[in-house]
Amino acid sequence: INRKMAPSHVLRCCQRGLAWIPVIFIALVVCWSYYAYVVELCIFTIPSTGEKIIYLVVFHLSFVMFVWSYWKTIFTRPVNPSKEFCLPKAEKEQYEKEERPETQQEILKRAASSLPLYTRTGAGAIRYCDRCQVIKPDRCHHCSACDMCVLKMDHHCPWVNNCVGFSNYKFFILFLAYSLVYCLFIAATVLQYFIKFWTSELPDSHAKFHVLFLFFVAAMFCISILSLFTYHLWLVGKNRSTIEAFRAPVFRNGPDKNGFSLGFTKNIVQVFGDQKKYWPLPIFTSQGDGLIFPTRLVTTDPEQPTVVLPPNSFRCGAVLNCYHLGAVVDQQVF
Ligand SMILES: [Zn+2]
Ligand SMILES: [Zn+2]
């Protein structure tokens, strides 16, 4: 019927294509680093066969783990809330017709009464996404880049062109860990040849420039990844997402930044699973379904009073942007 593509559709396609640029950039750097390390350093530069073999074995181990976890972080689709969190048809129509936010809240409250929800908006209202038309489960946020509600959303990461959330948070941590191992190993083993080239102990060849760049690029990535990795390890220990670290989740009795924390060990087990042998592998072993999370409050105080909404406290449509090391988090605040 429509022969021409709508301009908005073309724009959307362009945006989707452009979003892959950081991933392609990383992939090219990784391919070059592979060539430079294996061919230029190990085959052309290192004279000792024993050293060659050890370096190549360790290099390939860290390379495989790094690429595997990167791949899983990129291609594991974020999960959106299940059907139970959508309003039933009648309620949805009623909600859309209704103009007073107080009455809309009543509709949401009725629908949410059967759902396991412990968090509210800052104003004490049920968290609802108008875009996806879904009641947001705890820790779920709307990502404007993915245009969907993402379970336990952490942040939208341009370097993996994907949302980091419940489905791939373990993979993301492992991706940071293995990229750090990969860069550290390269920097540590290249260093002596880097110095030898500078002090002219090795003959001038085109390998020289590859070795020089290998060291600089590996060292540079080490520094930038280390801070992000340390930050995320801290978050895992505290059981907080990046979003929750910026703004504490609001429970029925107010904001509590430690609301989901169950203690250091349990927090780690929630992300990595209870079987330690799977911790280093990018295989999904996180606990739960991403919809319900155990909270400190529920276990200590199962019968909390329901909060009465103060009148006119319902704000709509404000958008909060959190920028964190190149990651953009768009979060709708109601
Ligand atoms: Zn949404
Ligand atoms: Zn996203």
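For the sequence shown, UniProt numbering gives the first residue as 1, with consecutive numbering after it.
Heads up, the beta-carbon is just placed ideally off N, CA and C, and yes, glycines get one too.
List the endpoints of the continuous beta strand (DSSP E) containing residue i.
i: C163; result: 162-164
i: H155; result: 155-157
i: C149; result: 148-150
Any beta-carbon of chain D closer than 8 angstroms to the one on residue i?
i: L262; result: Annotation note: the requested chain D is absent from the structure, which comprises a single protein chain.
Under the assumption that residue i contacts residue j (Cβ atoms under 8 angstroms), give the Cβ distance between them as a whole number of angstroms.
i: F229; j: K72; result: At roughly 17 angstroms, the Cβ-Cβ gap does not stay under 8 angstroms, so F229 and K72 are not in contact.
i: F215; j: F194; result: 4 angstroms
i: S62; j: F185; result: 5 angstroms
i: D127; j: T119; result: The question names Asp, yet the displayed sequence has Arg at residue 127. Confirmed, about 7 angstroms.
i: A19; j: N161; result: 5 angstroms
i: C163; j: C146; result: 5 angstroms
i: L180; j: I223; result: The Cβ separation is near 10 angstroms, so there is no contact.
i: V190; j: A218; result: 7 angstroms
i: H232; j: L176; result: 6 angstroms
i: L151; j: L291; result: 7 angstroms
With respect to the alpha helix (DSSP H) encompassing residue i, which residues constitute its N-terminal and C-terminal limits?
i: C14; result: 7-18
i: C140; result: C140 -> no alpha helix (DSSP H), and no H or E assigned at all.
i: S69; result: 49-75
i: Y35; result: 21-35
i: R127; result: Unbroken run through R127: none, as it is neither H nor E.
i: E96; result: 89-97
i: Q105; result: 101-112
Three-pair Cβ contact test at 8 angstroms for the stretch 204-215 versus the stretch 29-47: Contact holds: three or more Cβ-Cβ distances are below 8 angstroms.
Whole runs of the alpha helix (DSSP H) within the stretch 191-276, excluding any shorter than 4 residues: Qualifying alpha helix (DSSP H) stretches, in chain order: 207-238, 242-246, 264-272.
Inter-stretch contact at 8 angstroms, needing at least 3 Cβ pairs: the stretch 69-78 / the stretch 166-175: Three or more beta-carbon pairs drawn from the stretch 69-78 and the stretch 166-175 are found closer than 8 angstroms, and the two stretches are therefore classed as touching.
The stretch 43-52 / the stretch 243-261 touching (three or more Cβ pairs under 8 angstroms): These segments do not touch.
Given 8 angstroms, three or more beta-carbon pairs between the stretch 54-73 and the stretch 95-106: Counting C-beta pairs closer than 8 angstroms gives fewer than three between the stretch 54-73 and the stretch 95-106, which falls short of the contact rule.
Beta carbon nearer than 7 angstroms to a non-hydrogen atom of ligand 2: Per the Cβ criterion, the list is P78, C143, A145, C146, V150, H156, N162, C163.
Inter-stretch contact (C-beta, 8 angstroms, three-pair minimum) for the stretch 153-161 and the stretch 81-90: No: the two stretches stay apart, fewer than three of their Cβ pairs being nearer than 8 angstroms.
Stretch pair the stretch 266-283 + the stretch 50-60: three plus CB contacts closer than 8 angstroms: Contact between the stretch 266-283 and the stretch 50-60 is absent, because fewer than three Cβ pairs lie under 8 angstroms.
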